[in-house]
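Visitor: Protein chains in written order, with the numbering used here: chain A, 1047 to 1185; chain B, 1047 to 1185; chain C, 592 to 942; chain D, 592 to 942. Ideal Cβ positions, reconstructed from N, Cα and C, are used throughout, including at glycine. All of these numbers come straight from a predicted model, not from anything done at the bench. Provided herewith is a single structure, encoded as structure tokens, for subsequent inquiry.
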Amino acid sequence: MSFAKFGKVSYVSETKLQEFETKLEAGKIMGTKCKKCGRLYFPPRADCDCMKGEMEWVELSGNCKLMTFTTLHFAPASFRYEVPYTLGVAQFEEGPTVLAPLSKELGEDEIKIGMSLKLVPVELMGGRMIYELKKLESQ
Amino acid sequence: MSFAKFGKVSYVSETKLQEFETKLEAGKIMGTKCKKCGRLYFPPRADCDCMKGEMEWVELSGNCKLMTFTTLHFAPASFRYEVPYTLGVAQFEEGPTVLAPLSKELGEDEIKIGMSLKLVPVELMGGRMIYELKKLESQ
Amino acid sequence: MEDAQVTTNEIQASIVCSATHYDKQRTPAGVIAEYLGLNPQPTFNVEAVCASSGVGLRIGWSFISSGLHDTVAVVGFQKMTELSSAEVQEVMGRSGDVMWESPFGTTMPAYFALYAKSHMQKYGTTEEQLAKVAVKNHFYATKNPKAMFQEEITVEDVLKSRMIASPLKRYDCCANSDGAACIILASEDVARKVTDTPVWVAGLGLASSPMALTSRGPSYASFDCSVNAAKQAYGMARIKPKDVDIAEVHDCFTITEIINYEDLGFCERGRGGKLAEEGQTYLGSKIPVNIDGGLLAKGHPVGATGASQIRTLVKQLRGEAGETQVNGAEIGLAHNLGGIGMYCAVTILKT
Amino acid sequence: MEDAQVTTNEIQASIVCSATHYDKQRTPAGVIAEYLGLNPQPTFNVEAVCASSGVGLRIGWSFISSGLHDTVAVVGFQKMTELSSAEVQEVMGRSGDVMWESPFGTTMPAYFALYAKSHMQKYGTTEEQLAKVAVKNHFYATKNPKAMFQEEITVEDVLKSRMIASPLKRYDCCANSDGAACIILASEDVARKVTDTPVWVAGLGLASSPMALTSRGPSYASFDCSVNAAKQAYGMARIKPKDVDIAEVHDCFTITEIINYEDLGFCERGRGGKLAEEGQTYLGSKIPVNIDGGLLAKGHPVGATGASQIRTLVKQLRGEAGETQVNGAEIGLAHNLGGIGMYCAVTILKT
Ligand SMILES: [Zn+2]
Ligand SMILES: [Zn+2]
């Protein structure tokens, strides 16, 4: 199984996590959790570090806090028409963290480390699926 | 300096041996020789193993003997319309050896290890330059 | 690692081995060490094409012998399906010297075919003798549930299969595949603690040959790097070829296995074809070779192959090889050839 | 090798280090060893992106310490111009985890910019302090004829240069370049025979961090792999940060040099910006850092950078550094960070 739609560009030809994409299309941000040791993973993983557990899918609230960010003015070839764009790392209230684009509706001067954001699925033109960090108010 | 024309496909963006290509266009097969230790190189090199010598260009007769060969029925992407084609390794009467295509005028059953051949410059369509191993009689 | 009874935090360093030009993920040690839980310990990538994990084992051994680490994981892998087939084709077209050889359309089978023609000319080796190697390795693959091919083939099947680069036909060539294998190396103290059946590294050899075929002559009937690596490994292990109970040799093509017999001293120079013809490398005969199916029939996940050879030997030396067990196997040899024959790692294991 | 007074047949093994995804030539050890006349000795490729030759040095050291070899060449190189710029762009776009990060358009400057923002937020580090690092390194590049940039710049030049990934501007970033550097390692006996001014490897450290940024939090103001590698190297050399006379640290970006000051213990946590601001890393002050121009101004030929750092230290420890000589330098430290901060090699050299 592979990701057919996830990401603006995708590089990975095969994955055990295809369900992530299906759920993203259904509006859900999913992590995985080890049934043995209880560790929660985002990005989701198919195997736990403890090497003992089966994993189950768990929906995340999407509520998170911004840990750091940057606005890119130069980009890899496939992203060259999108500059400037902002990427950030945010921590979910459930613990794990995510690296994701910040919604373009956020002005660069509004963005502050520590601010509350929500990670939401976004469908791009052409049907590709990504997630984005949005303002809480905009939900 | 780089090879603009050498090879059916060329992968190397820069070389100190650009003169090889110029001479090939002028019909000559050139090697290099170390002015210090006298070692003769083909393919030409810009530096000698002895790490002491300056090199000079030396023309080779092209006369050689076939050491081994194979006919390819599967090829890399850029060569896919040329199969079958035959590649061989031949030793010049001056000592060094060359890996080169055998001229298509040689039938596969005519080709024998040990036979005498001549390496000659060939201009391809589009102005690219290669060398090929030909029958002695055909010179 | 479950088999080795060690946990990830006991692994003091990991060495990730692959032919990197096939990886979409740059610098795969980064993601692999992370996924396996091997941070913050040292990790990095090693590449010697098909001999990558054979080289990784040498580095791991020296990390332990030098006292830097007590336990090292050598992780070999290859995932050929990461690149599109156009990309793979392009990469395959650059398997030789890109300045003087690739511009003429060389391929891996073509390089080894040049050796085959030379060996046939020099020693009278026949296409039937080459075919016998494929027949043997496919036979043993049917006894290895992890092998890619699970059907026996005949000499006729080989001879009738499609010509790839004369004289090598489809069944004379191994198939690239996805795969991974991991070796856990430990110091003597640690090894004795974690297992009752340790297997010891008794000899190591690593050597190179010029990459350009034109720098290798005058004949193309032997791999100098194999001869040199074998000499080093035999010397270090203080054994002779005849002491080897079971061998894993790099059969990327049938001709390679035949040349390996000679380079490793399993037969006289020029008698490799005969050894295959006489079935002297089957279980129960002179020297069992590639009785796990070899690269030809088990598959060849480039960076994992060297580690997979070690796995087969370890199973044999522990007496856990089931149907293909060599009775009383005490000394095993792995021969791992890189690229078009410019790297060779030879490893000798002992009970 | 001329400098090292050894001939190619005395080199018992070579280790070729590069960030392989930029090489058109697959498995470059094959052609490089051949060109340098280093066949039939062992050779292979090592890759840890920007830390490739730092890792190569560790492997070479362990080959010698384990008794496998007496003399090893560690050859670091990069030739960025082999690929077309479209190909380079594509490769650059895969510098992080290709499954969860690269699909969003991450770049090398962006990864380090995320650290910069975090460091600025946490410790009040300013863009002017970052700029001071670039000013220093460009200043010293004018004294190094091998440096890529040969003009002094001002804080204003840095602040006014084009924004790349906020807050990092053009002059906060190093320039990739072509280049090569070679280290000859030898056992004590051999070293004493071939030179009157041997320089000794006193400490080695190598550590890793998860590749995915999301596995590294909660803050992005330090590189754990640097802290761990430094701790190992200081421990092995039995020295403290204050004993270091001269340091080469991995300044792929200005923020990286500032974080390195802290990770290596040259100042207290959070005081890196201040150290730069006060000019405490110039020649003649607290601890001279990157006084050969660093990656920022000497250039960053990825696979060669770690070996080039060692070259600078060796010149310094031999008292051959001319205008930039640190008086009585006895202990040098090289800090070589790989990729987006997932590998770090620290090497301590002594006279
Ligand atoms: Zn678990
Ligand atoms: Zn010479």
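Anything in chain D within Cβ reach of Ser686 (chain C), meaning under 9 Å, just list it in chain order.
Guide: Chain D residues near Ser686 (chain C): Arg617, Thr618.
Visitor: Since Glu673 (chain C) meets chain A, which of its residues come closer than 7 Å, beta carbon to beta carbon?
Guide: Near Glu673 (chain C) (Cβ distances below 7 Å), the residues of chain A are Ser1059.
Visitor: Quick one: residues with CB closer than 6 Å to any heavy atom of ligand 1, in chain order, please.
Guide: Cβ-based neighbours of ligand 1 within the cut-off: A:Cys1080, A:Lys1082, A:Cys1083, A:Arg1085, A:Cys1094, A:Cys1096, A:Lys1098, A:Gly1099.
Visitor: Who are Gly573 (chain D)'s beta bridge partners in DSSP?
Guide: Outside the modelled stretch of chain D, which goes from 592 to 942, sits residue 573 (chain D), for which no answer is possible.
Visitor: What residues of chain D sit near Ala1146 (chain A), judged by a beta carbon separation below 8 Å?
Guide: Those are Phe695, listed as they occur along chain D.
Visitor: By the 10 Å Cβ neighbour count, where 16 or more other Cβ atoms means buried, how is Arg753 (chain D) classified, buried or exposed?
Guide: Arg753 (chain D) is exposed by the Cβ-count criterion.
Visitor: Applying the 10 Å Cβ sphere with the 16-neighbour rule, what's the burial state of Arg658 (chain C)?
Guide: It should be noted that the sequence gives Gly, not Arg, for residue 658 (chain C). By the 10 Å Cβ count, Gly658 (chain C) comes out exposed.
Visitor: What are the start and end residues of the alpha helix (DSSP H) that includes Gly897 (chain C)?
Guide: From DSSP, the alpha helix (DSSP H) with Gly897 (chain C) extends over 896-908.
Visitor: Comparing C-alpha positions only, which one of D:Leu627, D:Leu908, D:Ile623 sits nearest to Ile939 (chain D)?
Guide: Comparing Cα-Cα distances from Ile939 (chain D) to each of D:Leu627, D:Leu908, D:Ile623, the minimum goes to D:Leu908.
Visitor: Measuring only the C-alpha atoms, how far is Gly1025 (chain B) from Ala677 (chain C)?
Guide: Only positions 1047 to 1185 of chain B appear in this structure, which leaves residue 1025 (chain B) out of reach.
Visitor: Would you please verify whether the beta carbon of Gly894 (chain C) is less than 8 Å from any beta carbon of chain A?
Guide: Closer than 8 Å: no.
Visitor: Confirm, please, whether the CB-CB distance from Leu1118 (chain B) to Thr698 (chain C) is below 8 Å.
Guide: Cβ atoms of Thr698 (chain C) and Leu1118 (chain B): closer than 8 Å.
Visitor: Taking all protein chains shown into account, decide if Tyr934 (chain D) is buried (16 or more other Cβ within 10 angstroms of its Cβ) or exposed.
Guide: When all chains shown are included, Tyr934 (chain D) counts as buried.
Visitor: For the beta strand (DSSP E) that Ser709 (chain C) lies in, which residues bound it at each end?
Guide: Careful: Ser709 (chain C) lies outside any beta strand (DSSP E), inside the alpha helix (DSSP H) at 699-714.
Visitor: Would you kindly check if the distance between the Cβ of Glu1140 (chain B) and the Cβ of Leu1070 (chain B) is under 8 Å?
Guide: Taking 8 Å as the Cβ cut-off, Leu1070 (chain B) and Glu1140 (chain B) do not qualify as a contacting pair.
Visitor: Please classify Gln1185 (chain B) as buried or exposed, where buried requires at least 16 neighbouring CB atoms within 10 angstroms.
Guide: Low confidence applies to Gln1185 (chain B): its pLDDT is 47, below 50, so where it sits in the model is not reliable, and the reading given next is rough at best. Exposed: under 16 other Cβ atoms inside 10 Å.
Visitor: Of all Cβ atoms in chain A, is any one closer than 8 Å to the Cβ of Gly628 (chain C)?
Guide: Chain A, which has a Cβ nearer than 8 Å to the Cβ of Gly628 (chain C), makes this yes.
Visitor: Spell out whether any CB of chain C is found under 8 Å from the CB atom of Asp1155 (chain A).
Guide: Asp1155 (chain A) does not count as touching chain C.
Visitor: Between the alpha carbons of Gly856 (chain D) and Glu779 (chain C), how many angstroms are there, rounded?
Guide: About 36 Å.
Visitor: Is the beta carbon of Ala888 (chain D) closer than 8 Å to that of Asn728 (chain D)?
Guide: In this structure, Ala888 (chain D) lies closer than 8 Å to Asn728 (chain D) by Cβ.
Visitor: Could you check whether the Cβ of Pro809 (chain C) sits closer than 8 Å to any Cβ belonging to chain B?
Guide: With 8 Å as the cut-off, Pro809 (chain C) counts as an interface residue toward chain B.
Visitor: Within 10 Å of its beta-carbon, does Gly645 (chain D) have 16 or more other beta-carbons around it, so buried, or fewer, so exposed?
Guide: Gly645 (chain D) comes out buried.
Visitor: Extract the residue ranges of the alpha helix (DSSP H) inside the stretch 815-862 of chain C, only unbroken runs of 4 or more that lie entirely within it.
Guide: For the stretch 815-862 of chain C, whole alpha helix (DSSP H) runs of length 4 or above, ordered along the chain, are 815-828, 845-854.
Visitor: Listing by chain order, which chain C residues have their CB less than 9 Å from the CB of Gly930 (chain D)?
Guide: Result: Arg617, Thr618, Gly621.
Visitor: Using a Cβ cut-off of 8 Å (strictly closer), state whether Lys1092 (chain A) contacts chain D.
Guide: Here residue 1092 (chain A) turns out to be Ala, not Lys, going by the sequence shown. Closer than 8 Å: no.
Visitor: Leaving out five residues on either side along the sequence, give the residues of the same chain with a beta carbon under 6 Å from the beta carbon of Met592 (chain D).
Guide: With a pLDDT of 45 at Met592 (chain D), under the threshold of 50, the predicted position of this residue should be treated as unreliable, and no value is reported.
Visitor: Would you mind listing the alpha helix (DSSP H) stretches within the stretch 650-696 of chain C that are 4+ residues and don't spill past its ends, in chain order?
Guide: Entirely contained in the stretch 650-696 of chain C, the alpha helix (DSSP H) runs reaching 4 residues are, in chain order, 676-683.
Visitor: Taking DSSP as the reference, what is the three-state secondary structure of Thr717 (chain C)?
Guide: Coil.
Visitor: Take every Cβ of the stretch 626-634 of chain D, pair it with every Cβ of the stretch 919-931 of chain C, and state whether three or more of those distances are shorter than 8 Å.
Guide: These segments do not touch.
Visitor: If we define contact as Cβ-Cβ less than 8 Å, is Met1097 (chain B) a contact residue for chain C?
Guide: Not one chain C Cβ lies under 8 Å of Met1097 (chain B).
Visitor: Which residues of chain D have a Cβ atom closer than 8 Å to the Cβ of Ile1159 (chain A), listed in chain order?
Guide: Going along chain D in sequence order, the residues near Ile1159 (chain A) (Cβ under 8 Å) are Lys708, Ser709, Gln712.
Visitor: Could you compute how far the alpha carbon of Gln1064 (chain A) sits from the alpha carbon of Gly897 (chain D)?
Guide: In a straight line, the C-alpha of Gln1064 (chain A) is about 40 Å away from that of Gly897 (chain D).
Visitor: Can you check which of these residues, D:Phe668, D:Ile755, D:His710, is closest to Val893 (chain D) by C-alpha distance?
Guide: Among D:Phe668, D:Ile755, D:His710, the Cα nearest to that of Val893 (chain D) is on D:Phe668.
Visitor: Are the CB atoms of Arg902 (chain D) and Ala772 (chain D) nearer to each other than 8 Å?
Guide: Contact: yes.
Visitor: One question on the structure: do Tyr731 (chain C) and Tyr811 (chain C) come within less than 8 Å of each other, judged by their Cβ atoms?
Guide: No, these two residues do not count as a Cβ contact at 8 Å.
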